[in-house]
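Numbering (our numbering), first residue to last: 73 to 309. Even for Gly, the Cβ is constructed at its ideal location relative to N, Cα and C. Everything on this sheet refers to the single structure shown next.
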Amino acid sequence: MNPWKQLLDVQAVDTVSTQLDHRRSQLPARAELVAIEDQLAALRAEVAAVESEKHVLDKEQTRIEDEIASIEDKIASADRQLYGGSSDVKELQVLQEEIGALRRRISGLEDQELALMEQVEPIDERLAGLAAQREELDRQAIALTASLAEAEAEIDRERDEVRARRDELVAGIEPAAVQEYEKVRGQLGGVAVARLEHGSCGACHMKLSAVEHDRILHLSPEEPVRCEDCGRFLVRD
Ligand SMILES: [Zn+2]
Numbered sequence: 073m074n075p076w077k078q079l080l081d082v083q084a085v086d087t088v089s090t091q092l093d094h095r096r097s098q099l100p101a102r103a104e105l106v107a108i109e110d111q112l113a114a115l116r117a118e119v120a121a122v123e124s125e126k127h128v129l130d131k132e133q134t135r136i137e138d139e140i141a142s143i144e145d146k147i148a149s150a151d152r153q154l155y156g157g158s159s160d161v162k163e164l165q166v167l168q169e170e171i172g173a174l175r176r177r178i179s180g181l182e183d184q185e186l187a188l189m190e191q192v193e194p195i196d197e198r199l200a201g202l203a204a205q206r207e208e209l210d211r212q213a214i215a216l217t218a219s220l221a222e223a224e225a226e227i228d229r230e231r232d233e234v235r236a237r238r239d240e241l242v243a244g245i246e247p248a249a250v251q252e253y254e255k256v257r258g259q260l261g262g263v264a265v266a267r268l269e270h271g272s273c274g275a276c277h278m279k280l281s282a283v284e285h286d287r288i289l290h291l292s293p294e295e296p297v298r299c300e301d302c303g304r305f306l307v308r309d
């Protein structure tokens, strides 16, 4: 028996298999997921930049607060001396002036801190906005990952069926013919065998010459025939 008739069925199954592979690699959810991951990466970079901007201001604020604390220590110590029982009026006056100067210094530092906090406020708002965007993108990524997995699983199920069908078909064909089929399929873009339809090759659609067509019609049905143009095996009824 001419194995190419059976291999035509294998070819049909293999073509479905190739289509499934293509569909699996081109699932829209995959491209959408890549786009979302790109957006997330850009967002993470933006968050890092804004955070480092905030970090500079935070450090400056800490520096101001440390300075205020150390001045407050100085005031406390001057206060202790002031109420320490000294009756030297001149000394007490100097202490009071010193305390006054320290308090003015603190007040200036507090103004600086307030100005800093006003700068931090819009940065915090930006960070909150970015965090909300990120949450939304994360949500979309999770949903897309799930729908992608579902679509892949569906295709994998179909592919398993197709493979099982192929195994059945191939089991009934002589191995040398299957090997030849695989070889030609590898060379000719995944299609090794086609039907001869009204004198034309079912794969490349080239019309066979009258001489060739006539020659084929007179061959034994067991004789393998190849398209004179594309080289694929031709199955005739
Ligand atoms: Zn052809």
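Pull up the distance between the alpha-carbon of Arg298 and that of Glu222, whole angstroms please.
If you number the sequence shown from 1, residue 298 lands on position 226. If you number the sequence shown from 1, residue 222 lands on position 150. Cα-Cα distance, rounded: 42 Å.
Measure from the alpha carbon of Gln78 to the alpha carbon of each residue in Ser281, Asp151, Tyr253, then state which is nearest.
Your numbering for residue 78 matches position 6 in the sequence shown. By alpha-carbon distance to Gln78, the top candidate from Ser281, Asp151, Tyr253 is Tyr253.
For Arg70, does the three-state DSSP call read helix, strand or coil?
Absent from the structure is residue 70, since the part of the chain shown begins at 73 and ends at 309.
Starting from the Cα of Arg238, find the closest Cα among Val82, Gly261, Asn74, Trp76 and give me that residue.
For the purposes of this step, residue 238 is taken as residue 166 along the sequence shown, with counting starting at 1. Nearest option by C-alpha distance: Val82.
Ser272 - DSSP class collapsed to helix/strand/coil:
Counted from its first residue, the sequence shown places residue 272 at position 200. DSSP places Ser272 in strand when its eight states are reduced to three.
Roughly how many angstroms separate the alpha carbons of His94 and Arg102, rounded to a whole number?
For this step, residue 94 is matched to residue 22 along the sequence shown. For this step, residue 102 is matched to residue 30 along the sequence shown. Approximately 13 Å, taken between the alpha carbons.
For the alpha helix (DSSP H) that Val106 lies in, which residues bound it at each end?
As a working mapping, residue 106 is identified with position 34 in the sequence shown. Looking at the DSSP string, the run of the alpha helix (DSSP H) that includes Val106 is 100-154.
Quick check on the contact list: which residues have their beta carbon closer than 6 Å to a heavy atom of ligand 1?
Cys273, Ala275, Cys276, Met278, Cys299, Asp301, Cys302, Arg304
For Val106, count neighbouring C-beta atoms within 10 Å of its own C-beta (all shown protein chains included) and say buried if the count is 16 or more, exposed if not.
Looking up residue 106 in the sequence shown gives position 34. Counting Cβ neighbours within 10 Å, Val106 comes out exposed, since fewer than 16 surround it.
Which residue from Ala264, Leu280, Val263 puts its Cα closest to that of Gln271?
The residue labelled residue 271 in the question sits at position 199 within the sequence shown. The displayed chain sequence assigns Gly, not Gln, to residue 271. Nearest C-alpha to Gly271: Leu280.
From Glu190 to Ala213, what does the alpha carbon distance come to, in whole angstroms?
Along the sequence shown, one-based indexing puts residue 190 at 118. Along the sequence shown, one-based indexing puts residue 213 at 141. Those two C-alpha atoms are separated by around 35 Å.
Can you give me the C-alpha to C-alpha distance between Asp286 and Arg229, rounded to a whole angstrom?
As a position in the sequence shown, residue 286 is number 214, starting the count at 1. As a position in the sequence shown, residue 229 is number 157, starting the count at 1. Asp286 and Arg229: Cα-Cα distance of roughly 45 Å.
Hey, Ser89 and Arg231: beta-carbon distance below 8 Å or not?
Taking the sequence shown and counting its residues from 1, one reaches residue 89 at position 17. Taking the sequence shown and counting its residues from 1, one reaches residue 231 at position 159. Yes. Within cutoff.
Cβ of Gly274 within 8 Å of Cβ of Ala266?
By 1-based counting over the sequence shown, the position of residue 274 is 202. By 1-based counting over the sequence shown, the position of residue 266 is 194. Taking 8 Å as the Cβ cut-off, Gly274 and Ala266 qualify as a contacting pair.
Should Pro75 and Ala249 be called a contact, given that it needs their Cβ atoms to be closer than 8 Å?
In the sequence shown, residue 75 corresponds to position 3, counting from 1. In the sequence shown, residue 249 corresponds to position 177, counting from 1. Taking 8 Å as the Cβ cut-off, Pro75 and Ala249 qualify as a contacting pair.
According to DSSP, is Ala204 part of a helix, a strand, or is it coil?
Within the sequence shown, the letter at position 132 stands for residue 204. Looking at Ala204 - three-state DSSP - the assignment turns out to be helix.
What first and last residue would you give for the beta strand (DSSP E) that runs through Leu306?
In the sequence shown, the residue the question calls residue 306 occupies position 234. Element bounds for Leu306: 305-307.
Tell me whether Val192 sits in a helix, a strand or coil according to DSSP, three-state version.
By 1-based counting over the sequence shown, the position of residue 192 is 120. Helix, per DSSP.
Taking DSSP's pairing of strands, which residues face Leu279 in a bridge?
Looking up residue 279 in the sequence shown gives position 207. Note that residue 279 corresponds to Lys in the displayed sequence, not to Leu. By DSSP's assignment, Lys279 forms a beta bridge with Ser272.
Can you tell me whether DSSP reads Ala243 as helix, strand or coil?
Here residue 243 refers to the residue found at position 171 of the sequence shown. Correct three-state label for Ala243: helix.
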